[in-house]
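In full-length UniProt numbering, the protein residues as written are 1 to 187.
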């Protein structure tokens, strides 16, 4: 990249900057310098466009090769994930953390906690089972009971005056009368 104007200025180009009213910097360039810079800019833009086309062609070619090898984008992602996971598993921080977790899980505190939680789970299961049995028994008993009958309204087949002359009413009246009499005796 020894082209004039690329990366460094040529000795023939004098750049003196001055501010323009819109805030941009303007340089005092001769007509020849402006023409050279425009030519160089056109040339660089053409090279950029050519490189983009070459890169696109190379990407298409690589995609064709992958297709011929049977490598799909999904298999590529799968392979990258597998490789990444393998790198994680063999990394020093992962191995250190794994060893620490292994030590913790084999410690006495962890073992006792695991046993306590297991015992608590068994007791809870037993208690819930007992509650279930009791509820089932109560529901079975309730099912065996007759359904409540709606209250019946009393219908009178006799009038009150004719009821007073009935034998039932007279015997009831005598019983009530005896109660009154017996109450008066104790008073």
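Note that beta-carbon positions come from the ideal geometry of N, C-alpha and C, so glycine has one too. Quick caveat, the model's predicted, so the values are computed rather than measured.
{"Query": "Given a threshold of 16 other Cβ atoms within 10 Å of its Cβ, counted over all protein chains shown, does residue 22 qualify as buried or as exposed?", "Result": "Model confidence at residue 22 stands at a pLDDT of 48, short of 50, so the residue's coordinates are unreliable; what they give is reported in the following sentence. When all chains shown are included, residue 22 counts as exposed."}
{"Query": "Taking the alpha helix (DSSP H) that residue 70 falls in, what are its first and last residues?", "Result": "Unbroken run through residue 70: none, as it is neither H nor E."}
{"Query": "Does DSSP put residue 60 in a helix, a strand or coil?", "Result": "helix"}
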